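This report concerns only the one structure given below.
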Amino acid sequence: MIVRIMGEGQVRLADNHLTELNKLDDELLAEMENGDGPGFRRTLHALLTKVRDLGEPVPDDSLDPSDLILPSPDATLEEVRELLSDDGLIPG
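Using this note's numbering, the first residue of the sequence shown is number 1003, and each one after it goes up by one.
Here it is, written out as structure tokens:
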């Protein structure tokens, strides 16, 4: 799976990491629903860091489409809400 972090680029991520990432995604969703701004910021950064750590960078000149798009680290609660699906940011 190819994941794009807005404003940063893409990483290739093995599907077996989705369960781990979904835990952070669930936390992020709960914090957004509760209006927990500091918790949202902390969990968003943890999610993006985990994606960067687990993923393999995709070359900038690659034309592979992104399977998943995540917000930039400085995205606001409102901007992230616009990206959400019923499953959160990460499907599954």
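By construction, the Cβ of each residue, glycine as well, lies at the ideal position given by its N, Cα and C atoms.
Predicted model only: the values in this text are computed from it and were never measured.
TODO: Under 8 Å Cβ to Cβ from V1060, same chain only, skipping five residues before and after it: list those, please.
DONE: I1004, G1011, Q1012, V1013, R1014 and D1066, listed in sequence order.
**V1053 - containing alpha helix (DSSP H), residue span** = It spans G1039 to L1056 - the alpha helix (DSSP H) in which V1053 sits, taken as one unbroken run.
So, are the CB atoms of L1091 and L1072 less than 8 Å apart?
Result yes, Cβ atoms of L1091 and L1072 sit closer than 8 Å.
* Asked: If you run the structure through DSSP and keep just helix, strand and coil, what is V1082?
  -> V1082: helix per DSSP, three-state reduction.
- Expected contact under 8 Å - CB spacing of T1045 and L1030 to nearest Å: That pair is a contact at about 5 Å.
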